[in-house]
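Peer 1: This is the structure, below, for whatever I ask next.
There are 2 protein chains.
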Amino acid sequence: MDAEHKFGVRKLEILDKSKGFIELLQQLTICDSVSDKEFEERFQEINSYGDNHLICVIEDDRSGKIIATGSVFIEKKFLRNCGKVGHIEDVVVDSAARGMQLGKKIIEFLTDHAHSMGCYKVILDCSLENKAFYEKCGYKQKEVQMVKYFM
Amino acid sequence: MDAEHKFGVRKLEILDKSKGFIELLQQLTICDSVSDKEFEERFQEINSYGDNHLICVIEDDRSGKIIATGSVFIEKKFLRNCGKVGHIEDVVVDSAARGMQLGKKIIEFLTDHAHSMGCYKVILDCSLENKAFYEKCGYKQKEVQMVKYFM
Numbered sequence: 001m002d003a004e005h006k007f008g009v010r011k012l013e014i015l016d017k018s019k020g021f022i023e024l025l026q027q028l029t030i031c032d033s034v035s036d037k038e039f040e041e042r043f044q045e046i047n048s049y050g051d052n053h054l055i056c057v058i059e060d061d062r063s064g065k066i067i068a069t070g071s072v073f074i075e076k077k078f079l080r081n082c083g084k085v086g087h088i089e090d091v092v093v094d095s096a097a098r099g100m101q102l103g104k105k106i107i108e109f110l111t112d113h114a115h116s117m118g119c120y121k122v123i124l125d126c127s128l129e130n131k132a133f134y135e136k137c138g139y140k141q142k143e144v145q146m147v148k149y150f151m
Numbered sequence: 152m153d154a155e156h157k158f159g160v161r162k163l164e165i166l167d168k169s170k171g172f173i174e175l176l177q178q179l180t181i182c183d184s185v186s187d188k189e190f191e192e193r194f195q196e197i198n199s200y201g202d203n204h205l206i207c208v209i210e211d212d213r214s215g216k217i218i219a220t221g222s223v224f225i226e227k228k229f230l231r232n233c234g235k236v237g238h239i240e241d242v243v244v245d246s247a248a249r250g251m252q253l254g255k256k257i258i259e260f261l262t263d264h265a266h267s268m269g270c271y272k273v274i275l276d277c278s279l280e281n282k283a284f285y286e287k288c289g290y291k292q293k294e295v296q297m298v299k300y301f302m
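So the protein lines, in turn, are chains A and B. Just so you know, we're using our numbering here: the first sequence kicks off at 1 and counts up by one. Just so you know, we're using our numbering here: the second sequence kicks off at 152 and counts up by one.
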């Protein structure tokens, strides 16, 4: 790909399913194929949260494929004077599109969104391997993530 | 306090502000006093998410004080076949009520709620100091938490 090409970040649209959005998520974790109906239902559900749950994508306008994505949702708290926290999740860049700072663009877009929503902080969990990348984006390690799986 | 006393976990109610709920959160982090109006607005906002954002408390029915709390909200994803993830936040037990397994009760309540909502996993972030406690609750360390503060 051409590193000089400008890649803009935009909100996920319902047509992005046909542009490889699910296949891109499959590069991140387990993600079987999703039917059009399931996709549309989940899309509308997330959409109903408005600016409180944003999924963004980068589309390669030459191939028409979605090549990067990430999401942020806004948690409402009582602490910090009824503060808000942005949670970044599901950041992935197409393995064929690495090295073009697309991940950084996604993180900046999501971080700016959380800031504009009045959050006092944004948090995310990542592997130790990806820690240096997030440090370049202005993040610092703070706590450890604990998990319990049901399936 | 009497360790034999039974402490039940229930959902946060609007009257809990007058039972020391905000003062309890102040043991966790920065939390200035919140006006009744601010509290009610945030309470209704969180309540509007229904089972997708649950705050639970333990009230000491002898003192009438809230002595433990925690929250969980359900994130809707596309990956894992349009899966859901529970995020546990803001777990705190009154410093005068430690050693009675109240924290464990809160975590079990929130974890069960996420399970009943169909989540494939529950996650939370904690300090290294609290890691052993969450391991006793069935959680395992997975990733690291990164944070960016705006204020």
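Here a beta-carbon is modelled for each residue, glycine too, at the ideal position from N, C-alpha and C. Just so we're clear, the structure is a prediction, and the values are computed from it rather than from any experiment.
1) Apply the 10 Å Cβ neighbour rule to GLY201 (chain B) and answer buried if 16 or more other Cβ atoms are within range, or exposed otherwise.
2) Can you tell me whether PHE229 (chain B) is buried or exposed? The criterion is at least 16 other CB atoms within 10 Å of its CB, across all chains shown.
3) I think ARG231 (chain B) touches LYS76 (chain A), with their Cβ atoms under 8 Å apart; what is that distance to the nearest whole Å?
4) Count the other C-beta atoms from every protein chain shown that fall within 10 angstroms of the C-beta of SER186 (chain B), then say buried if there are 16 or more, exposed otherwise.
5) Say whether the stretch 171–179 of chain B touches the stretch 122–138 of chain A, bearing in mind that this needs 3 or more beta-carbon pairs closer than 8 Å, one atom from each stretch.
6) Against chain B, does MET1 (chain A) count as a neighbour if the rule is that its beta carbon must be under 9 Å from one of theirs?
7) Should ALA265 (chain B) be flagged as near chain A, meaning a C-beta pair shorter than 9 Å?
8) Spell out whether any CB of chain B is found under 9 Å from the CB atom of GLN101 (chain A).
9) Chain B partners of ASP125 (chain A), CB-CB under 8 Å?
10) Can you tell me the Cα-Cα spacing of ILE258 (chain B) and GLU196 (chain B), whole angstroms?
11) Rounded to a whole number of angstroms, what is the C-alpha to C-alpha distance between LYS256 (chain B) and VAL244 (chain B)?
12) Please confirm whether ASP183 (chain B) has its beta-carbon closer than 9 Å to some beta-carbon of chain A.
13) Which term fits LEU163 (chain B), buried or exposed, when burial requires 16 or more other beta carbons within 10 angstroms of its beta carbon?
14) When the Cα atoms are used, what is the spatial distance from MET152 (chain B) to VAL85 (chain A)?
15) Going by the CB atoms, is the gap between CYS277 (chain B) and MET146 (chain A) shorter than 9 Å?
16) Please state whether the Cβ-Cβ distance between MET151 (chain A) and PHE7 (chain A) is less than 9 Å.
17) Give the residues of chain B in contact with GLU75 (chain A), contact being defined as C-beta atoms less than 9 Å apart.
18) Among the candidates A:VAL57, A:SER63, A:LEU15, A:PHE73, whose CA atom is the shortest distance from the CA of SER116 (chain A)?
19) Establish whether the CB of LEU279 (chain B) and some CB of chain A are separated by less than 9 Å.
20) Comparing alpha-carbon positions, which option in A:ASP61, A:PHE109, A:LEU124 lies nearest LYS293 (chain B)?
21) Work out the CA separation of ALA114 (chain A) and LYS248 (chain B) for me, nearest whole Å.
22) How would you write the range of the beta strand (DSSP E) that ASP88 (chain A) sits in, first residue to last?
23) May I have the straight-line CA-CA distance separating GLU174 (chain B) from ASP61 (chain A), to the nearest angstrom?
24) Can you name the residues of chain B whose CB is closer than 9 Å to the CB of ASN28 (chain A)?
25) Would you identify the three-state DSSP class for SER71 (chain A), choosing helix, strand or coil?
26) Among A:ASN130, A:LEU110, A:CYS31, A:ASN47, which one has its Cα closest to the Cα of ILE14 (chain A)?
27) Can you pull the chain B residues whose beta carbon is under 8 Å from the beta carbon of GLU45 (chain A), in chain order?
Peer 2: Here's the rundown:
1) The residue you call residue 201 (chain B) lines up with position 50 of the second sequence. GLY201 (chain B) should be labelled exposed.
2) Position 78 of the second sequence, counted from the first residue, corresponds to residue 229 (chain B). PHE229 (chain B) comes out buried.
3) Locating residue 231 (chain B) in the second sequence gives position 80, counting from the first residue. Locating residue 76 (chain A) in the first sequence gives position 76, counting from the first residue. Actually they are not in contact, since the Cβ atoms of ARG231 (chain B) and LYS76 (chain A) sit about 25 Å apart, beyond 8 Å.
4) Counted from its first residue, the second sequence places residue 186 (chain B) at position 35. It counts as exposed.
5) no
6) Taking the first residue of the first sequence as position 1, residue 1 (chain A) is located at position 1. Caution applies to MET1 (chain A), whose pLDDT of 49 falls short of 50 and renders its modelled position unreliable; the model cannot decide the point.
7) In the second sequence, the residue the question calls residue 265 (chain B) occupies position 114. It does: the Cβ of ALA265 (chain B) has a partner Cβ on chain A nearer than 9 Å.
8) Taking the first sequence and counting its residues from 1, the one referred to as residue 101 (chain A) is at position 101. So no, GLN101 (chain A) is outside the interface.
9) For this step, residue 125 (chain A) is matched to residue 125 along the first sequence. Within chain B, the residues near ASP125 (chain A) are ILE274, ASP276, LYS293, GLU294, VAL295, GLN296, MET297.
10) Here residue 258 (chain B) corresponds to residue number 107 of the second sequence, with the count starting at 1. Here residue 196 (chain B) corresponds to residue number 45 of the second sequence, with the count starting at 1. Approximately 23 Å, taken between the alpha carbons.
11) Along the second sequence, read from residue 1 onward, the residue named residue 256 (chain B) stands at position 105. Along the second sequence, read from residue 1 onward, the residue named residue 244 (chain B) stands at position 93. Rounded to the nearest whole angstrom, the CA to CA distance from LYS256 (chain B) to VAL244 (chain B) is 11 Å.
12) For the purposes of this step, residue 183 (chain B) is taken as residue 32 along the second sequence, with counting starting at 1. Closer than 9 Å to some Cβ of chain A, the Cβ of ASP183 (chain B) qualifies, so yes.
13) Position 12 of the second sequence, counting from 1, holds the residue named residue 163 (chain B). Label assigned to LEU163 (chain B): buried.
14) As a position in the second sequence, residue 152 (chain B) is number 1, starting the count at 1. As a position in the first sequence, residue 85 (chain A) is number 85, starting the count at 1. Any answer about MET152 (chain B) is weak, because its pLDDT of 49 lies below 50 and its placement is not dependable; what the coordinates show is given next. Cα to Cα, the separation comes out at about 35 Å.
15) Your numbering for residue 146 (chain A) matches position 146 in the first sequence. Your numbering for residue 277 (chain B) matches position 126 in the second sequence. Contact flag set, yes.
16) Position 151 of the first sequence holds residue 151 (chain A). Position 7 of the first sequence holds residue 7 (chain A). Cβ distance not < 9 Å, so MET151 (chain A) and PHE7 (chain A) don't count as in contact.
17) The residue you call residue 75 (chain A) lines up with position 75 of the first sequence. Within chain B, the residues near GLU75 (chain A) are HIS204, SER222, PHE224, HIS238, GLU240.
18) The residue you call residue 116 (chain A) lines up with position 116 of the first sequence. When each option's Cα is compared against that of SER116 (chain A), the closest is A:PHE73.
19) Taking the second sequence and counting its residues from 1, one reaches residue 279 (chain B) at position 128. Interface residue, yes.
20) Numbered from 1 along the second sequence, position 142 holds the residue referred to as residue 293 (chain B). Cα-wise, what sits closest to LYS293 (chain B) is A:LEU124.
21) Position 97 of the second sequence, counting from 1, holds the residue named residue 248 (chain B). Position 114 of the first sequence, counting from 1, holds the residue named residue 114 (chain A). In the sequence on display, residue 248 (chain B) carries Ala and not Lys. Rounded to whole angstroms, ALA248 (chain B) to ALA114 (chain A) spans 36 Å at the Cα level.
22) Along the first sequence, one-based indexing puts residue 88 (chain A) at 88. In the sequence under discussion, the amino acid at residue 88 (chain A) is Ile, which differs from the Asp named in the question. Run containing ILE88 (chain A): 84–93, per the beta strand (DSSP E) assignment.
23) Against the second sequence, residue 174 (chain B) aligns to sequence position 23. Against the first sequence, residue 61 (chain A) aligns to sequence position 61. So the alpha carbons of these two residues sit roughly 53 Å apart.
24) Here residue 28 (chain A) refers to the residue found at position 28 when the first sequence is read from its first residue. It should be pointed out that residue 28 (chain A) corresponds to Leu in this sequence rather than to Asn. Correct list: LEU230.
25) In the first sequence, counting from the first residue as 1, residue 71 (chain A) sits at position 71. Strand at SER71 (chain A).
26) For the purposes of this step, residue 14 (chain A) is taken as the residue at position 14 of the first sequence. Minimum Cα distance to ILE14 (chain A) is reached at A:ASN47.
27) Numbered from its first residue, the first sequence carries residue 45 (chain A) at position 45. Here the neighbours are LYS227.
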